[in-house]
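Reviewing the structure listed below.
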Amino acid sequence: MSKPGEAGLKALADYLAQDMRVCNQVIVARMQSPVALIPQLAAHLVAAGGKRLRPLLTLAAARLCGYDNQDGKQRHVEIAACVEFIHTATLLHDDVVDESQLRRGLASANAIFGNKASVLVGDFLFARAFQILTADASLDVMAILSAASATLAEGEVMQMTTQNDLSTSVDQYLQVIYGKTAALFAAACEAGAVIGESSPEWREALRVYGANLGMAFQLVDDALDYAADQAVLGKEVGDDFREGKVTLPVLAAYEAGSEEDRVFWRRVIEESEQQPEDLDAALDRIARTDAIGVTLRKAEEYAAKAREALALFPECEIRSLLIETASYSASRER
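The sequence shown maps to residues 1 to 334 in the numbering used here.
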């Protein structure tokens with residue numbers, strides 16, 4: 001039985017099903033290339049599925065702001081596809097950097113096609129995204145999504161610099177997850193508001209909604225790395241631990257733990273000296289210190305801020321569905 005948030009996300013996808021069908025068609029069409037490896041790798045990504053949450057947010061924000069595409073241009077669909085390309089390009093690059101072997105329960109693209117192909121096809125998808133933006137010809141939308149692309153890269157570099165460093169503060173960690181995740185959620189929503197020709201107040205409210213939704217989403221993602229069922233999660237549990245990533249579950253467990261616990265965390269995270277049994281030992285310490293609870297409560301704080309940001313909008317079905325989606329972001333299991 002699905003949780004209310006999950007039901008809300010499904011209802012949002014159902015509400016926007018026609019827009020999303022067209023968006024998926026645009027994604028497939030724009031992935032075509034005479035260079036055979038590009039559509040092959042792209043087809044692997046499409047087959048892997050995924051929530052398509054970011055393009056859904058662009059479509060939803062545009063519709064919430066009254067966009068009806070009566071001119072036949074369907075700008076919301078094109079920009080939603082652009083958002084998905086930016087997201088997918090970063091996933092391809094991140095999986096190479098992290099040496100990930102699984103993505104959404106399937107072998108990652110780099111595991112099948114190799115690192116070079118994954119990096120280069122990621123570059124291709126970024127280029128396609130900016131071709132779409134150029135054709136759309138809105139300087140506002142271009143500014144929003146190009147700035148988000150730069151912030152995504154900064155977030156990943158910041159994460160690399162905090163890796164293996166337990167002196168990282170919670171504020172620094174929150175900065176990292178804003179950069180690597182929440183910035184694109186914010187941009188996806190704000191771009192939709194621009195397409196819907198919203199007021200500056202509505203545009204800002206949707207940017208705030210997306211930013212807080214993205215923060216909640218990434219916090220839960222970091223919790224799931226220590227708390228999920230791998231078969232449900234669709235990627236290897238403990239990846240963050242093995243890579244020495246400093247996330248809130250680790251920071252909370254380190255802060256609340258004994259000196260013996262801290263010696264353990266310094267060895268496995270800072271010194272990267274890990275034994276096969278250390279993941280179980282880490283999970284035990286995280287459970288004893290309620291580090292997952294700390295992380296999920298922080299996620300719910302951000303989800304609440306996301307819901308509050310929608311108070312500006314008149315009551316309607318899509319507003320209700322976006323509120324439910326915020327709840328989903330803090331309660332999901334994968």
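Glycine included, C-beta positions come from ideal geometry on N, C-alpha and C.
Query, Result
"Leu120 (DSSP reduced to helix, strand or coil)", "helix"
"Beta-carbon separation (whole angstroms), Arg54 vs Ala188, contact threshold 8 Å", "5 Å"
"Pro249 burial status per 10 Å Cβ neighbour count (16 or more: buried)", "buried"
"Nearest-angstrom beta carbon gap, Leu59 and Ala89 [assumed within contact, 8 Å]", "Not quite, the Cβ-Cβ distance comes to about 20 Å (not below 8 Å), so this is no contact."
"Whether Lys245 touches Gln172 by CB criterion (8 Å)", "no"
"Three-pair Cβ contact test at 8 Å for the region 79-97 versus the region 220-227", "no"
"Where Cys316 falls, given that 16 or more other Cβ within 10 Å makes a residue buried", "exposed"
"Enclosing alpha helix (DSSP H) for Asn110 [first to last residue]", "109-113"
"Unbroken stretches of the alpha helix (DSSP H), 4 residues or longer, contained in the region 160-186", "170-177"
"Reference Arg128, options Phe85, Ala137, Arg319, closest by Cα", "Phe85"
"For Glu273 and Glu324, the rounded distance between their alpha carbons", "42 Å"
"Segment limits, alpha helix (DSSP H) that includes Phe241", "239-243"
"Spatial neighbours of Leu283 in its chain, beta-carbon cut-off 7 Å, leaving aside the 5 residues before and after", "Tyr226"
"Closest Cα partner of Leu64 within the set Gly257, Lys51, Glu243, Leu16", "Leu16"
"Environment of Glu260 [buried if 16+ CB atoms lie within 10 Å]", "exposed"
"Buried versus exposed call for Leu219 [16 or more other C-beta atoms within 10 Å across all chains shown]", "buried"
"Within 8 Å, strictly: CB atoms of Ala252 and Val294", "yes"
"Ala148 versus Arg203 - alpha carbon distance", "16 Å"
"Distance between Thr168 and Val77 (C-alpha atoms, nearest Å)", "40 Å"
"Cutoff 6 Å; reference Asp278; Cβ partners in own chain excluding five residues on either side", "Val268"
"Whole-angstrom distance between Leu57 and Arg207, CA atom to CA atom", "11 Å"
"Contacting residues, own chain, Cβ-Cβ under 7 Å from Ala117 (five flanking each side not counted)", "Leu37, Leu41"
"Proximal residues to Ala287 (C-beta, below 7 Å), its chain only, five neighbours per side dropped", "none"
"Proximity of Asp140 and Val83 at Cβ, strictly below 8 Å", "no"
"Length of the line joining the Cα atoms of Phe217 and His87", "14 Å"
"Simplified DSSP assignment, three categories, for Gly66", "coil"
"C-beta contact flag for Ala330 and Glu300 at 8 Å", "yes"
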